[in-house]
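Counting along the sequence shown from 1, when you hit position 778 you're at 1121 in this note's numbering, and nothing is skipped either side.
Backbone N, C-alpha and C define an ideal beta-carbon position, used for all residues, glycine too.
All of these numbers come straight from a predicted model, not from anything done at the bench.
Working notes, structure below.
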Amino acid sequence: MGVPAFYRWLAEKYPMVVVDVIEEEAVVIDGIKIPVDTSKPNPNNLEFDNLYLDMNGIIHPCFHPEDRPSPTTFDEVFQCMFDYIDRLFVMVRPRKLLYMAIDGVAPRAKMNQQRSRRFRAAKDAADAAAEEELLREEFEREGRKLPPKVESQTCDSNVITPGTQFMGVLSVALQYYIHLRLNNDPGWKSTKVILSDANVPGEGEHKIMSYIRLQRNLPGYDPNTRHCLYGLDADLIMLALATHEIHFSILREVVFTPGQQGKCFLCGQMGHLAADCEGKAKRKAGEFDEKGDTEVVAKKPYQFLNIWTLREYLEYEMRIPNLPFEMDLECIVDDFIFMCFFVGNDFLPHMPTLEIREGAINLLMAVYKKELRSLGGYLTDGSQPNISRVEHFIQAVGSYEDKIFQKRARLHQRQAERIKRDKAQLKRGDDAEPQVKPESLVPVTRFHGSRLASGPSHSPYQQKGSESRGRKAARSSSGASVGAAIVEAENSLETEICENKEELKTKLKEVLREKSDAFNSENPEEDKVKLGEPGWKERYYEEKFSAQTAEELDCIRKDVVLRYTEGLCWVMRYYYEGVCSWQWFYPYHYAPFASDLKDLDQLNISFELGSPFKPFNQLLGVFPAASSHALPEHYRRLMTDPNSPLIDFYPSDFEVDMNGKRYAWQGIAKLPFIDEARLLAEVARLEHTLTEEEVRRNSIMFDMLFVALSHPLSPYIFSLNDRCKQLTDKERAEIKEQLDSRARATCSGGMNGYISLCAGDPCPPIFRSPVFGMEDIMDNQVICAIYILPDAHKHITRPPPGVVFPKKVLIILFSPCH
């Protein structure tokens, strides 16, 4: 969805959809931290029933954070995640349900994107390691000391994929965390907690949406349920709209732009500016590792994006006079979602015609308003696109293609000329620093208590190396004891090592960015397509699809149009009903043009549901050989052995087509598509080699439900467990009991579905901590069960009966010029 471009477009076009979150902070009294009482009313004057966490938006920032050094152990990652979830819980304070959804095995349509990302991540990591080694050698030649490299469990972020050992340990850690909070935090006591871990198939956000859709329009469901969904992907906005739930908010961090982080010029720390600097040293973790104090690091602020306000904007925006049919906001919402698929989604490459940064969504909306009368109805009916109307609409968009490409070419030409001019100035030294600095730029030196605080030695106005250390040592020895001078010299050395480390990181980022910039290439990629110049469509199919003759071009174009139209229908079904085919995927790296989408009513489109991959099969489908360490030994050989029958799936290098983009990460990785039949045939020969632990990691499982013993649902779980005590584990696993109407109304808070029994004791008296440094739970008061969704039923794409609409928030100012 063009993150962060879509979110930025939305917030700028419809500013009142976004509201800043009011956060209540923990207080410290006499050195003791008093946590926020989340059982008290929400300071945002908005009480939420359900909080849903798209956990990959939490795992990744904790695995490789931007505002602090990366963790080196999984335990550090888990503790960071616990703090992260605590903060979100304090902001939202759900009264009925907390749903944590980790990405499980994805549909094939998504796996192709995952494969591209993971191959590129491995390639980028290898390039970064090589460049870092060169920089280390350069620093050593200059006599500048650096800390030794530290072994890390988190060096390969590709392990954040279902089936890896990390994801298995993560599930146990989160179960421990849930038990810890339900046992000890009063704000959690009345809340049901569902954990859908990586062994439950489906992407996290889509598991959440399936839960919401399948609760709606069933007995006991409250039509005024207040939902809050946390996640970083812009498609969450579309998914929330697609539920047609009115009281829905998206919670997300405000994205900082460079310069907004509030970093102090004097001490280099986050959280304050130079005027407020007290000269305090950073708190250290490890011998050379300087991590910002958790109380000093600036917390990113959060925002609620309120779906009801976005609906109000769309209602105003799409006012179309003299329509020959009734205006229906719910249909407008569905059509808006569908139109945005043309700009970008995780399952189809975006059309070359439409770039979100060029105002593509504005164009789509303008064309829609212009053409809706002649369409004779809406583009979609719930999850079903009306293919003939879609063709009419997209052909109208395609009529702008020549103008779009010509304008893009002019803008690219201007950009290229400006960048070349800027780089030439830098080479000539036009932007070199002046030799004499004005006094106002010299770092301020100030006293704090009895200690002298000065600007950091990595400031461009100070010298580095042994000369700087010598001056500091000499200064300290005049009037101080020799011992104090030695201590200060040691501290100075340690400080310099840390500063060198930070400079190494900064330089490494600069080098990698420069290398990925197409404008720095000695042999820039030639644009052979030349969109906007006569013959651009033929050249596109020749270059991108290897079409050699006019007949071959026409045949390829027709198949591309068929597969792309299938993709639009698949995505719409996915957003409104869930997976309609686990095996379907778009088999090309490039999309057709808008003007190519014609004769659509002649297409025969249907899907077979199939079944999801097992976790290890997905790992083989998306991992590069560099990440094979995360798979069992025999599976690794399929990726690394030169004689492997699947070795062609794992190229050590691959072409990246810049496709008119500036930076390498924006290009298209031209990887071979996985042949599912070949992969599954080879895996079938290996499954007998798996250990018991590996079999568990490779299994398909269900959501887990946790409640405190004081919760009204706990007696139902105990009762089911007592009735099934004499059964075998296999028989117990097959038992499921529907939450009856009485339980829905009085015990489950309106939650529908089934409960089943988990393996082992549902309420163990002791829960051992799986995280180093955290205490065991000695008197556990939490019970666990398996939770299964209600039976499938049609998603009604309208607000449920009985919903109370919020007050209108928009104040539209009219003026004669409008």
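Exercise. In the DSSP assignment, find the unbroken alpha helix (DSSP H) run with TYR711 in it and report its ends.
Key: 703-718
Quiz item: How many angstroms separate the CA atom of LEU579 from the CA atom of TRP352?
Solution: Spanning the two alpha carbons is a distance of roughly 15 Å.
Quiz prompt | Supposed close pair LEU653, TYR357 - CB separation, criterion 8 Å | solution = 6 Å
Quiz item: LEU523 and LEU538 look like a contact to me (Cβ under 8 Å); what is the Cβ gap, rounded to whole Å?
Solution: Incorrect: roughly 13 Å between the Cβ atoms, too far for contact.
Quiz item: Given that a residue counts as buried once 16 or more other Cβ atoms are within 10 Å of its Cβ, and exposed if not, what is ASP942?
Solution: exposed
Exercise. Just tell me which of GLU881, CYS912, TYR917 has its CA closest to the CA of ARG900.
Key: GLU881
Exercise. Locate the beta strand (DSSP E) running through LEU594, then write down its first and last residues.
Key: 591-596
Quiz item: Short check: CB of PRO1105 to CB of ALA1076, under 8 Å?
Solution: no
Quiz item: Helix or strand or just coil, what does DSSP make of TYR656?
Solution: helix
Quiz item: For the beta strand (DSSP E) that contains SER376, what are its first and last residues?
Solution: In the sequence under discussion, the amino acid at residue 376 is Lys, which differs from the Ser named in the question. It spans 375-377 - the beta strand (DSSP E) in which LYS376 sits, taken as one unbroken run.
Quiz prompt | Boundaries of the beta strand (DSSP E) in which HIS570 is found, first to last residue | solution = 570-573
Quiz item: Relative to the alpha-carbon of TYR520, which residue among GLU588, LEU441, THR504, ALA468 has its alpha-carbon at the smallest distance?
Solution: LEU441
Quiz item: Expressed to the nearest angstrom, what Euclidean distance is found between the alpha-carbon atoms of VAL448 and LYS1079?
Solution: 24 Å
Quiz item: Taking just the CA atoms, how far does GLU714 sit from TYR884?
Solution: 29 Å
Practice problem: Excluding the 5 residues preceding and the 5 following ARG916 in the sequence, name in chain order all residues of the same chain whose CB lies nearer than 7 Å to its CB. | Solution: SER726, CYS923, listed in sequence order.
Self-check item: Rounded C-alpha distance that separates PHE956 from ILE1098
Solution: 25 Å
Quiz item: Do GLU548 and LEU582 have their C-beta atoms closer together than 8 Å?
Solution: yes
Quiz item: At which residues does the beta strand (DSSP E) containing ALA444 begin and terminate?
Solution: 440-444
Quiz item: What do you reckon, are the CB atoms on LEU707 and HIS735 nearer than 8 Å?
Solution: no
Quiz item: For the 8 Å Cβ check, are there 3 or more pairs between the segment 842-861 and the segment 471-484?
Solution: Taking 8 Å as the limit for Cβ pairs, the verdict is that the segment 471-484 does touch the segment 842-861.
Quiz item: Grouping DSSP H, G and I as helix and E and B as strand, with all else coil, what is PHE1110?
Solution: strand
Quiz item: According to DSSP, which residues form a beta bridge with ILE537?
Solution: TYR442, LEU1048
Practice problem: Starting from the Cα of VAL360, find the closest Cα among PRO412, TRP651, GLN961, PHE349 and give me that residue. | Solution: TRP651
Quiz item: Mind checking whether ALA1020 and VAL999 have CB atoms under 8 Å apart?
Solution: no
Quiz prompt | Close beta carbons around ALA973, own chain, < 6 Å, minus the five adjacent residues each side | solution = VAL502, THR507
Quiz prompt | Between the CA atoms of ALA577 and TYR350 - distance to the nearest angstrom | solution = 6 Å
Quiz item: Given that a residue counts as buried once 16 or more other Cβ atoms are within 10 Å of its Cβ, and exposed if not, what is LEU769?
Solution: exposed
Self-check item: Reference ASP470, options PRO1149, LEU855, ARG430, closest by Cα
Solution: LEU855
Quiz item: Does the count of Cβ pairs from the segment 540-547 and the segment 1114-1121 closer than 8 Å reach three?
Solution: no
Self-check item: Sequence-distant residues of its chain with Cβ nearer than 6 Å to GLU810 (five each side left out)
Solution: For GLU810, the predicted model reports a pLDDT of 46, less than 50, meaning its position is unreliable and no value from the coordinates is stated.
Exercise. Compute the Euclidean distance between the alpha carbons of ASP1090 and ILE555, then round it to the nearest angstrom.
Key: Correcting the residue type first, residue 1090 is Cys in the shown sequence and not Asp. Approximately 18 Å between the Cα atoms of the pair.
Exercise. Using alpha carbons as the reference points, say which of ASN1095, SER742, LEU489 lies closest to THR838.
Key: LEU489
Exercise. Could you tell me if GLY511 is buried or exposed, where buried requires 16 or more neighbouring beta carbons within 10 angstroms of its beta carbon?
Key: buried
Quiz item: Taking the DSSP output, what are the residues bridged to ASP397?
Solution: ALA444
Quiz item: Would a C-beta distance cut-off of 8 Å place ASN1064 and LEU1022 closer than the cut-off?
Solution: Against a cut-off of 8 Å, the Cβ pair of LEU1022 and ASN1064 comes out as no contact.
Quiz prompt | CB of TRP913 within 8 Å of CB of PHE950, strictly | solution = Between TRP913 and PHE950, the gap from beta carbon to beta carbon is short of 8 Å.
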